[in-house]
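*Asks:* Below are the structure tokens for one structure; questions will follow.
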Amino acid sequence: MQLSELRGHQHHGDRAFRTLAVGAAALVVLVLGLIAVTMTRRAWPAFGDAFFTSTRWSAADGIFGALPFIWGTLYTSAIAIAIAVPVSLGVALFVTQVAPPWLKKPMVSMIDLLAVVPSVVFGLWGVLVLSQHFGLGRSFLTAGIILAIMIVPIITSLAREVIETTPAAEKEAALALGATRWEMIGASVLPHSKGGLVGAVMLGLGRAMGETIAAALVIGSALGQITLNPFAPGNSMPAVIANEWGEADQPHKAALIALAVTLFVITIAVNLIATAIVQRSMKRSRGT
Amino acid sequence: MKKTIVLSALAALSVASCNKKDEGGGAVKDDKSGAKMTEGKAESGQVSLDASGSTFQKAYQEASIEGFTKANQGMKINYGGGGSGKGRQDLADQVVDFAGADSPYKDADLAKNKGGDVLYFPILLGAITLSYNVDGVDQLQLSPPTIAKIFQRDIKKWNDPAIAADNPSAKLPDANIVVAHRSDGSGTTDNFTKYLDKTATGVWKLKSGSTVEWPADTQAGNGNPGVAQIVKSTKGAIGYVDLSDAKASGLKYASVKNQGGKFVEPSADSASAAGDGIEVKDNLLFSALDPKGDAAYPITYQSWVIAYAKQTDHAKGTALKAYLKYLVTEGQAQLKPLDFAPLPKSLADKAVAQLDKLQVP
Numbered sequence: 001m002q003l004s005e006l007r008g009h010q011h012h013g014d015r016a017f018r019t020l021a022v023g024a025a026a027l028v029v030l031v032l033g034l035i036a037v038t039m040t041r042r043a044w045p046a047f048g049d050a051f052f053t054s055t056r057w058s059a060a061d062g063i064f065g066a067l068p069f070i071w072g073t074l075y076t077s078a079i080a081i082a083i084a085v086p087v088s089l090g091v092a093l094f095v096t097q098v099a100p101p102w103l104k105k106p107m108v109s110m111i112d113l114l115a116v117v118p119s120v121v122f123g124l125w126g127v128l129v130l131s132q133h134f135g136l137g138r139s140f141l142t143a144g145i146i147l148a149i150m151i152v153p154i155i156t157s158l159a160r161e162v163i164e165t166t167p168a169a170e171k172e173a174a175l176a177l178g179a180t181r182w183e184m185i186g187a188s189v190l191p192h193s194k195g196g197l198v199g200a201v202m203l204g205l206g207r208a209m210g211e212t213i214a215a216a217l218v219i220g221s222a223l224g225q226i227t228l229n230p231f232a233p234g235n236s237m238p239a240v241i242a243n244e245w246g247e248a249d250q251p252h253k254a255a256l257i258a259l260a261v262t263l264f265v266i267t268i269a270v271n272l273i274a275t276a277i278v279q280r281s282m283k284r285s286r287g288t
Numbered sequence: 001m002k003k004t005i006v007l008s009a010l011a012a013l014s015v016a017s018c019n020k021k022d023e024g025g026g027a028v029k030d031d032k033s034g035a036k037m038t039e040g041k042a043e044s045g046q047v048s049l050d051a052s053g054s055t056f057q058k059a060y061q062e063a064s065i066e067g068f069t070k071a072n073q074g075m076k077i078n079y080g081g082g083g084s085g086k087g088r089q090d091l092a093d094q095v096v097d098f099a100g101a102d103s104p105y106k107d108a109d110l111a112k113n114k115g116g117d118v119l120y121f122p123i124l125l126g127a128i129t130l131s132y133n134v135d136g137v138d139q140l141q142l143s144p145p146t147i148a149k150i151f152q153r154d155i156k157k158w159n160d161p162a163i164a165a166d167n168p169s170a171k172l173p174d175a176n177i178v179v180a181h182r183s184d185g186s187g188t189t190d191n192f193t194k195y196l197d198k199t200a201t202g203v204w205k206l207k208s209g210s211t212v213e214w215p216a217d218t219q220a221g222n223g224n225p226g227v228a229q230i231v232k233s234t235k236g237a238i239g240y241v242d243l244s245d246a247k248a249s250g251l252k253y254a255s256v257k258n259q260g261g262k263f264v265e266p267s268a269d270s271a272s273a274a275g276d277g278i279e280v281k282d283n284l285l286f287s288a289l290d291p292k293g294d295a296a297y298p299i300t301y302q303s304w305v306i307a308y309a310k311q312t313d314h315a316k317g318t319a320l321k322a323y324l325k326y327l328v329t330e331g332q333a334q335l336k337p338l339d340f341a342p343l344p345k346s347l348a349d350k351a352v353a354q355l356d357k358l359q360v361p
């Protein structure tokens, strides 16, 4: 009788836990869905007239083309990734494979500390030091560099954790076969952690695309700029929203919300692609 | 807000507990007088006004809040910035008790105001300077068409004939012009471009608004300080900056040709003079841009406090009325040191008279 009571109790708890877990999961989906629905509804009027094709953004004429801002977001994020990925991977490999144990801990906490710095601090530093002292001006490149500094900690700490999961046996096997440390990293560490590394980079990309204040301060706020010239001033979606929201009337407001929806969709797409890549490479590594 | 709620809840509790003692009959006399004191404190402590809006008038609001709350202990006023658009929206949604704004509601939006009719109280005037950074030029004169040409990049050199024509005696260098403007949506941009739209007809093509389509070969800075900083650190730069920020950054600024054909330097006095030469509607709406009068600086703009005509809360309404009165009378003395312009007497009198229209239950 005691046993059955216990079982019944357990069953009850299981059910409660199940409900809680499902409820929590559903809540997240619900919130995301509601955000998407309400934002899209409020943005709807702006999506009509060539929102994705026009390069003009004029509140006075009521013409809102987001193309230059989409370009600015993608371009600055690409610059940020190009700078941050080699640095982050280098640091992660150094910390896990090369650094002596006494150096490892302080380095890890130093990098994690970078992640705590508020973005406005990076932005101001960018304005005062990068664009003025080093004469980079306010440009795609300045924004890209600032974004790179901001995403290095995320990518590094994720990459470090992924790399550390490489089984010691695999590494030792490579070394036993006469591989140098560099060859060992290429032969066992990197193939093992490829999926996780791609995921880390994609998460960094997601943050770079959504970064607002730092980008708004250093990107230059120039309109209609679709150019590969990194020294040109430009604009990005979150920067435009932050800059123009305070004084915006309709239909300007709807256009800004439409920018937010576009950013939302692009970041979700990036994350979905990241998940897909991670899963595929995990499957492959399991297969071989 | 939360603090206020907690405070008033505490006050209510203490009053209630004291009352209970009273009912008990055996209350000590000291206790009773103590209760009264708490009650009095609670009443004044409850009054808290929230506001948001124009960053242009923020410095004046902050100075006035300090002055006013010092004289009226227990009153609390919060003025958050956020821009005129945010202020108008917040007031429309009844999130704040009053709003600061550099331009009024659009007629189409008035119906969306949840609290009914609104009143506009002008509180200050201010000059928008054309600040520049050109070596060897300490006095610069500009006429509206020249300003328009500079800011839309028709003119790219400081020794351009158009600038030379405005400055017959100045030695203008063969240097490139760098144009600095706001990166954020702003009432300053709105008024500056409205001024050019009005005075440089046929020349100015960028229209007007809180953000306009600046050419790509210009520089953008955040807020008045951001533009001032670009001008200060860039040789050959010119930008529109409000007088207080231009002075704070130690910038040189141009005299601008007014309606009477005189070149006038921006100052608190020349901006106040602008307030005398304008047409004011019955609801106290006006534009101080391009006024009449030889002493008036033409790129002058104004800021209002907007509040609902029908107040719903006695304590808040009374406090609001007192504070508004302070803003348009006593407080005006603080404007000059802040490099704003006080209202001319004609306008201040109208603002005081309008206080009667503010209905407090």
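Here the protein sequences line up with chains V and S, keeping their order. Note that the working numbering gives residue 197 to position 197 of the first sequence, counting from 1, and the numbers run on in steps of one. Note that the working numbering gives residue 135 to position 135 of the second sequence, counting from 1, and the numbers run on in steps of one. Even glycine gets a Cβ: it sits at the ideal position worked out from N, Cα and C. This one's a predicted model, so the numbers in the text were calculated from it and none came from an experiment.
1. Report the start-end ranges of each alpha helix (DSSP H) in the region 133 to 212 of chain S that is 4 residues or longer and not cut off at the edges.
2. How about S:T38: is its C-beta nearer than 7 Å to some C-beta of chain V?
3. Rounded C-beta distance between S:S270 and V:Q132? I'm assuming under 8 Å.
4. What residues from chain V crowd round S:V212, counting only those whose CB sits closer than 7 Å?
5. Go through the region 169 to 232 of chain V residue by residue and report every complete run of the alpha helix (DSSP H) that reaches 4 residues or more, in order.
6. Cβ closer than 7 Å: which chain V residues qualify as neighbours of S:G209?
7. If contact is defined by three or more beta carbon pairs under 8 Å, each pair taking one atom from either stretch, is the region 124 to 136 of chain S in contact with the region 221 to 241 of chain S?
8. By DSSP, does S:N401 sit in helix, in strand, or in coil?
9. Rounding to the nearest angstrom, what Cα-Cα distance links V:A248 and S:E62 in this structure?
10. Can you tell me the Cβ-Cβ gap for V:V218 and V:I146, rounded? I've got them flagged as a contact below 8 Å.
11. Comparing the C-beta of S:A216 with each C-beta of chain A, is any distance below 7 Å?
12. Let me check one thing: in DSSP terms, what residues is S:L119 bridge-paired to?
13. Three-state secondary structure (DSSP) at S:G26?
14. Quick one: residues in its chain with C-beta nearer than 8 Å to the C-beta of S:K156, no 5 flanking neighbours on either side, listed in chain order?
15. With a Cβ-Cβ cutoff of 7 Å, do V:A46 and V:A260 count as a contact?
16. Do you know how far the Cα of V:R280 is from the Cα of S:A220?
17. Would you call the region 342 to 353 of chain S and the region 323 to 331 of chain S in contact, with 3 or more CB pairs under 8 Å?
18. Do the CB positions of S:S303 and S:S54 come within less than 7 Å of each other?
19. Among the candidates S:Q311, S:A99 and S:D184, whose CA atom is the shortest distance from the CA of S:G115?
20. Report the residues of the region 136 to 160 of chain V with a CB closer than 9 Å to any CB of chain S, ordered along the chain.
21. Rounded C-beta distance between V:G224 and V:R56? I'm assuming under 8 Å.
22. Does V:G23 get closer than 7 Å to chain S when you measure Cβ to Cβ?
23. Should V:F17 go down as buried or exposed, given a rule of 16 or more other Cβ atoms within 10 Å for buried?
24. Kindly indicate which three-state DSSP category S:T69 falls into: helix, strand or coil?
25. Chain V partners of S:A220, CB-CB under 8 Å?
26. Please work out which residues of its chain come closer than 7 Å, Cβ to Cβ, to V:G206, disregarding the five sequence neighbours upstream and downstream, and give them in chain order.
27. Would you say S:G236 reaches chain V, if we count a Cβ-Cβ gap shorter than 7 Å as a contact?
28. Just checking my contact of S:L289 with S:T300 at CB under 8 Å: how many whole Å lie between their CB atoms?
29. Hey, could you find the ends of the alpha helix (DSSP H) S:S255 is sitting in?
30. In the DSSP assignment, find the beta strand (DSSP E) that holds S:F98 and state where it starts and stops.
31. Does chain S have any CB closer than 7 Å to the CB of V:G246?
32. Using a Cβ-Cβ distance under 7 Å, would V:N229 count as near chain S?
33. Note the first and the last residue of the continuous beta strand (DSSP E) segment covering S:I77.
34. Where do the ends of the beta strand (DSSP E) carrying S:Y240 lie?
35. Are the CB atoms of S:V96 and S:S48 nearer to each other than 7 Å?
36. What would DSSP say about S:F56, mapped onto helix, strand or coil?
*Replies:* Straight from the coordinates:
1. The DSSP assignment places complete alpha helix (DSSP H) segments of no fewer than 4 residues inside the region 133 to 212 of chain S at 144 to 151, 161 to 166 and 187 to 199, in order along the chain.
2. Taking the second sequence and counting its residues from 1, one reaches residue 38 of chain S at position 38. Any reading at S:T38 must be qualified, since the residue scores a pLDDT of 34, below 50, and its modelled position is unreliable; no value is offered.
3. As a first step, residue 270 of chain S must be located in the second sequence, where it is residue number 270. As a first step, residue 132 of chain V must be located in the first sequence, where it is residue number 132. With 8 Å as the limit, S:S270 and V:Q132 do not qualify as a contact, their Cβ atoms being about 33 Å apart.
4. Start at 1 with the first residue of the second sequence, and residue 212 of chain S comes out as number 212. Those are A60, listed as they occur along chain V.
5. Here the runs fully enclosed are 181 to 184, 190 to 210 and 213 to 218.
6. The residue given as residue 209 of chain S occupies position 209 in the second sequence. Taking a Cβ-Cβ threshold of 7 Å, the residues of chain V close to S:G209 are A59 and A60, in chain order.
7. Yes, they touch.
8. Summary: the structure shown does not reach residue 401 of chain S, with chain S confined to residues 1 through 361, and so no result is reported for it.
9. As a working mapping, residue 248 of chain V is identified with position 248 in the first sequence. As a working mapping, residue 62 of chain S is identified with position 62 in the second sequence. Cα-Cα distance, rounded: 24 Å.
10. Residue mapping note: residue 218 of chain V aligns to position 218 of the first sequence, counting from 1. Residue mapping note: residue 146 of chain V aligns to position 146 of the first sequence, counting from 1. Contact holds; Cβ gap of about 6 Å.
11. The structure shown contains no chain A; its protein chains are V and S.
12. Residue mapping note: residue 119 of chain S aligns to position 119 of the second sequence, counting from 1. Answer by DSSP bridge pairing, in chain order: S:A307.
13. By 1-based counting over the second sequence, the position of residue 26 of chain S is 26. At S:G26, the pLDDT of 37 sits below 50, so the modelled position is not reliable and the matter cannot be decided from this model.
14. Within the second sequence, the letter at position 156 stands for residue 156 of chain S. Non-local beta-carbon contacts of S:K156 in its own chain, meaning distances under 8 Å to residues more than five positions away in sequence, involve N176 and I177 in chain order.
15. For the purposes of this step, residue 46 of chain V is taken as the residue at position 46 of the first sequence. For the purposes of this step, residue 260 of chain V is taken as the residue at position 260 of the first sequence. For V:A46 and V:A260, no; Cβs fall outside 7 Å.
16. In the second sequence, the residue the question calls residue 220 of chain S occupies position 220. In the first sequence, the residue the question calls residue 280 of chain V occupies position 280. S:A220 and V:R280 have their alpha carbons spaced roughly 45 Å apart.
17. Per the Cβ contact rule, the region 342 to 353 of chain S is in contact with the region 323 to 331 of chain S (3 or more Cβ pairs under 8 Å).
18. Within the second sequence, residue 303 of chain S is the residue found at index 303, counting from 1. Within the second sequence, residue 54 of chain S is the residue found at index 54, counting from 1. Going by C-beta atoms, S:S303 is nearer than 7 Å to S:S54.
19. Here residue 115 of chain S is taken as the residue at index 115 of the second sequence, counted from 1. The residue with the shortest Cα to Cα distance from S:G115 is S:Q311.
20. Going along the region 136 to 160 of chain V in chain order, one finds G137 and R138 with a Cβ nearer than 9 Å to chain S.
21. Looking up residue 224 of chain V in the first sequence gives position 224. Looking up residue 56 of chain V in the first sequence gives position 56. In this structure V:G224 touches V:R56 by the C-beta definition: roughly 7 Å separates them, less than 8 Å.
22. As a working mapping, residue 23 of chain V is identified with position 23 in the first sequence. No, its Cβ sits nowhere closer than 7 Å to a Cβ of chain S.
23. Translated into positions along the first sequence, residue 17 of chain V becomes position 17. V:F17 comes out exposed.
24. The residue labelled residue 69 of chain S in the question sits at position 69 within the second sequence. Of the three classes helix, strand and coil, the one that applies to S:T69 here is helix, per DSSP.
25. By one-based count along the second sequence, residue 220 of chain S stands at place 220. Within 8 Å Cβ-Cβ: R138, G220, S221, A222 and P233.
26. As a working note, residue 206 of chain V is residue 206 in the first sequence. Correct list, in chain order: T267, V270 and N271.
27. In the second sequence, residue 236 of chain S corresponds to position 236, counting from 1. With a threshold of 7 Å between beta carbons, S:G236 makes no contact with chain V.
28. Sequence index remark: in the second sequence, residue 289 of chain S carries index 289 (1-based). Sequence index remark: in the second sequence, residue 300 of chain S carries index 300 (1-based). Indeed, because the Cβ distance is near 7 Å, the residues count as touching under 8 Å.
29. Looking up residue 255 of chain S in the second sequence gives position 255. It is not in any alpha helix (DSSP H) - S:S255 instead sits in the beta strand (DSSP E) that spans S255 to K257.
30. For the purposes of this step, residue 98 of chain S is taken as residue 98 along the second sequence, with counting starting at 1. Unbroken beta strand (DSSP E) run through S:F98: F98 to A101.
31. Here residue 246 of chain V corresponds to residue number 246 of the first sequence, with the count starting at 1. V:G246 counts as touching chain S.
32. By one-based count along the first sequence, residue 229 of chain V stands at place 229. The C-beta of V:N229 comes no closer than 7 Å to any C-beta of chain S.
33. Translated into the one-based positions of the second sequence, residue 77 of chain S becomes position 77. Judged by DSSP secondary structure, S:I77 falls within the beta strand (DSSP E) whose first and last residues are K76 to G82.
34. Position 240 of the second sequence, counted from the start, is the residue given in the question as residue 240 of chain S. A237 to D242 is the extent of the beta strand (DSSP E) around S:Y240.
35. On the second sequence, residue 96 of chain S is found 96 positions in, with the first residue counted as 1. On the second sequence, residue 48 of chain S is found 48 positions in, with the first residue counted as 1. Contact: no.
36. Residue mapping note: residue 56 of chain S aligns to position 56 of the second sequence, counting from 1. Of the three classes helix, strand and coil, the one that applies to S:F56 here is coil, per DSSP.
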